[in-house]
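Enquirer:
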Amino acid sequence: KVDKDSQKALEGVVFEVQDENGKVVTEVKTDKNGKAKISDLSVGKYKLVEKESLPGYKQLTEPVSFEIKKGMTEVLSLKIENEMVDTGNVEITKIDKDNKAPLAGVVFEVQDDKGKVVAKVTTDKAGKATVADLSVGKYKLVEVESLPGYKKLEKPVPFEIKKGMTKSLAFTVENEMVDTGNVEITKIDKDSKAPLENVVFEVRDSKGKVVAKVTTDKEGKANVSDLSIGKYELVEVETPAGYKPLEKPISFEIEKGRVTALQLTVENELVDVGNVEITKVDKETKDALADAVFEIQDAAGQVVAKIKTDKKGHAQVTNLSVGTYKLVEVKAPKGYKQLVDPITFQIEKGMTKSLALTVENEMLDKGNVEVTKVDKDSQKALAGVVFEVQDEQGKVVTKVTTDKEGKAKVSDLSVGKYKLVETESLPGYKKLTEPVSFEIKKGMTEVLSLKVENEQLDKGSVEITKMAAESKHVLSGAVFEVHDEKGKVVTKVTTDQEGKAKVSDLSVGHYTLVEVEAPKGYEKLTNPIPFEITKGMISPVQLQVLNKLTSLAPPGPEKPETTDPEKPGTTDPEKPETTDPEKPETTDPEKPGTTNPEKPETMNPEKPEKELPKTGQKMPVEPYMGALLIMMSFGLLVLGRKQQR
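The numbering of the sequence shown is the UniProt record's numbering, which starts it at 1 and goes up by one.
1. Which residues mark the beginning and the end of the beta strand (DSSP E) in which K338 is found?
2. Excluding the 5 residues flanking D19 on each side, which residues of the same chain have their C-beta closer than 7 Å to its C-beta?
3. Using the Cα positions of T562 and K548, report the straight-line distance between them to the nearest angstrom.
4. Can we say the segment 466-483 touches the segment 437-455, given the rule of at least three CB pairs closer than 8 Å?
5. For G477, report the span of its beta strand (DSSP E) as first-last.
6. Which residue from T423, S378, K376 and A381 puts its Cα closest to that of V396?
7. Residues in the same chain with beta-carbon distance under 8 Å from V2, minus the five sequence neighbours each way, listed in chain order, please.
8. Within this structure, are the beta carbons of E154 and Y139 separated by less than 9 Å?
9. Count Cβ pairs between the segment 119-134 and the segment 90-98 that sit closer than 8 Å; are there 3 or more?
10. Does the segment 408-417 come close enough to the segment 332-350 to have 3 or more Cβ pairs within less than 8 Å?
11. What does the Cβ neighbour count give for Q542, buried or exposed, with the cut at 16 atoms within 10 Å?
12. Looking at G509 and E481, is the spacing between their C-beta atoms short of 9 Å?
13. Kindly provide the ranges of any beta strand (DSSP E) runs that are 3 or more residues long and lie completely inside the UniProt domain "SpaA-like prealbumin fold" (1-77), ordered along the chain.
14. Helix, strand or coil for Q302 per DSSP?
15. For E143, count the other beta carbons within 10 Å of its own beta carbon; 16 or more makes it buried, fewer makes it exposed. Which is it?
16. Give me the residue from N198, D205, D403 and A408 with the minimum Cα distance to T215.
17. Which residues in the same chain as S354 place their Cβ atom closer than 6 Å to its Cβ, once the five residues preceding and following it in sequence are excluded?
18. Mind checking who V386 pairs with in its DSSP beta bridge?
19. Quick one: grab the DSSP three-state call for K642.
20. With DSSP run on the structure shown, which of helix, strand or coil describes I538?
21. Pick out whichever of T401, D189 and D391 has its Cα sitting closest to the Cα of P240.
22. With DSSP run on the structure shown, which of helix, strand or coil describes N361?
23. Taking 9 Å as the cut-off, decide whether the C-beta atoms of P528 and G460 are in contact.
24. Can you name the start and end residues of the beta strand (DSSP E) that P158 belongs to?
25. Which term fits Q544, buried or exposed, when burial requires 16 or more other beta carbons within 10 angstroms of its beta carbon?
26. In whole angstroms, give me the CA-to-CA distance for E582 and S378.
27. What does the Cβ neighbour count give for N223, buried or exposed, with the cut at 16 atoms within 10 Å?
28. How long is the line joining the alpha carbons of E362 and G536, rounded to whole angstroms?
29. Decide yes or no for the touch test of the segment 315-326 against the segment 384-400: beta carbon pairs closer than 8 Å, at least 3 of them.
30. For E269, which residues in the same chain have their Cβ closer than 6 Å to its Cβ, ignoring the five residues on either side in sequence?
31. Express the C-alpha separation of Y418 and T579 in angstroms, rounding to a whole number.
32. Taking the alpha carbon of P148 as the reference point, which residue from M177, F15 and D98 has its own alpha carbon closest?
33. For G242 and V110, what's the separation of their Cα atoms in angstroms?
34. Counting only the same chain and skipping the five closest in sequence on each side, list residues whose C-beta sits under 7 Å from that of P156.
35. Take the Cβ of M72 as the centre, count every other Cβ of all protein chains shown within 10 Å, and call the residue buried at 16 or more, exposed below.
36. Looking at C-alpha atoms only, which residue of M444, L196 and T180 is the closest neighbour of K187?
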């Protein structure tokens, strides 16, 4: 018996010699020289069957046939070669690294040197798995499934099956318990339990260091893997819109050998407060309006906030509790109508954005006017002046009168163009001839002030009354000139049937009234009568001029005096008694007597005091008799005509 390859003698191989019927006739074992001798075999056919091979060698599978023939003189030599075994076995034992306890259920693959899987085994309850008949070669033992709570074998275990291996190759594979863990976070709505997406968490270790940052997916889940053993905090850093942020971190611990992910369910409540952002704009231009003041009132009408818009027209109210509110404008921007009706709005649970309220304001379409009436020179207030306010079509929209301060107010005039027309001026003042135009514009915030100055009258008039000195009958036909201070004739007038002559529009100044032609039968006034026109005169200067009859005057309707016309008492016709006809008493021409120019008395500056006839004075009767005859003739003539009719 020899090794097939080395031809080395193989000791201890056991053979049986069997006859044709399979009966064992003898059993032999090879010696150290690999030899075994069988003697005294009867003639016949036999089989040499290998019963026990050497360890590490393949057992002979086919018997070796031989025959003992009659007359054989030499020993029959049989050389039997054995091949070494070319497969081997592996026995794997899986145990806990720390306590050496067997680990069942660990799955291994045996891969050849090309990475091909030649066997897959799982450890039994004793932690063992056997791989048999591995051909000679190099292999890797790869752990493909570890036990829960244990680290999977990171590196394959290499081994080799050599030719002639007589024992199984034994591997003891130790596994460490897992020293990291996983956390699965589930974020949900506290009330509805609906998953919340896009919530961001940080995982911080015991020293506060951020070791992981995760965001929940659409199912509200976020996973944190391979956290080392230790204590941690889960901190919510970004809350879903409309939800209250998690106030306190969630503490948890990763323990050694944890086989499942730590489940953390985090509930969030909907926000129960909201914000309001107000934008104040011009209704037409949409321009931002600053300085509008608003109150926020709750359902009970209580003011919970008061705000004012900035230069961008914005105002914000934060942290309003869930409920119904009213936005009330308490002060409109300058030049704008105040909002009449409050704006109702509601803060709902879970509001994610500020409630935007755009409030439009209309510009004021009405305005006020204050008229101030003053004297142009002294600026003194003038009371009692009446004005009309007329629109563009000339329609009177209101009528006002200035008060003691010279003021008159017109309120709530609609936008448009107007005229201020003076309808009643003060006595002594020129009436305003031209209207004062003004315009009420949209958005006017201040009262439009109109200062109207009035000039005092700078012209005056004189009314001359010509009368007979004796009878006081009015005299027509008297011609007068009015001379200015320089003696220039400014006008010439003649008294009418009522004995009156009026001179109008005389400028302020000093004048003299000169009689240039007396009524027929009357003496002409020799001395001029001075008078003055002053500023602000409201009534004509009243001048009564009395003329005396001449001595040759024809009898007239005047009542005859009892005095001699030529020499009435001691009175000079030009200077009746103590009264100068040209200087009527001591009165100012504008103020005859002691009267006010605006209230002239009936006193005539020319009127002489009544002259009584003196005792023993001779009175001529011839002229009067002639006059009487004429009157009688005239009366008879009229009577005759009436009778004829």
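Glycine residues also receive a C-beta, built at the ideal position from the N, C-alpha and C atoms.
Expert: To lay it out plainly:
1. One detail in the question is off: residue 338 reads as Gln in this sequence, not Lys. That residue, Q338, is in no beta strand (DSSP E); it is neither H nor E in DSSP.
2. V25, G44 and Y46
3. Its pLDDT being 40, under 50, T562 is placed unreliably in this model, and the value from its coordinates should be taken loosely. Near 14 Å, if we compare the C-alpha coordinates of K548 and T562.
4. no
5. Note, G477: premise wrong, no beta strand (DSSP E); not H, not E.
6. T423
7. Cβ neighbours of V2 beyond the five flanking positions: K8, A9, L10, G34, K79, I80, E81 and N82.
8. no
9. In short, these stretches touch, since the Cβ pair count reaches three.
10. The way I'd put it, the segment 408-417 doesn't touch the segment 332-350; fewer than three beta-carbon pairs between them come closer than 8 Å.
11. So Q542 counts as buried.
12. no
13. 14-19, 24-29, 44-52 and 64-68
14. coil
15. Under this definition E143 is a buried residue.
16. Considering only alpha carbons, the answer is N198.
17. N275 and E277
18. T401 and E424
19. Residue confidence for K642 is low, a pLDDT of 44 falling below 50, so the modelled location carries little weight; the figure read from the coordinates is stated next. DSSP places K642 in helix when its eight states are reduced to three.
20. coil
21. Distance from the Cα of P240 is smallest, within the candidate group T401, D189 and D391, for D189.
22. Here N361 sits in strand by DSSP.
23. no
24. V157 to I161
25. buried
26. The predicted model places E582 with a pLDDT of 39, which falls under 50 and marks its position as unreliable, so this point remains unresolved.
27. exposed
28. 49 Å
29. No: the two stretches stay apart, fewer than three of their Cβ pairs being nearer than 8 Å.
30. Same-chain partners within the cutoff: K190 and K244.
31. In this prediction, T579 scores a pLDDT of 37, lower than 50, which makes its location untrustworthy; the coordinate-derived value is nonetheless stated afterwards. The straight-line gap from Cα to Cα measures roughly 59 Å.
32. M177
33. 57 Å
34. K140, L141 and V142
35. exposed
36. L196
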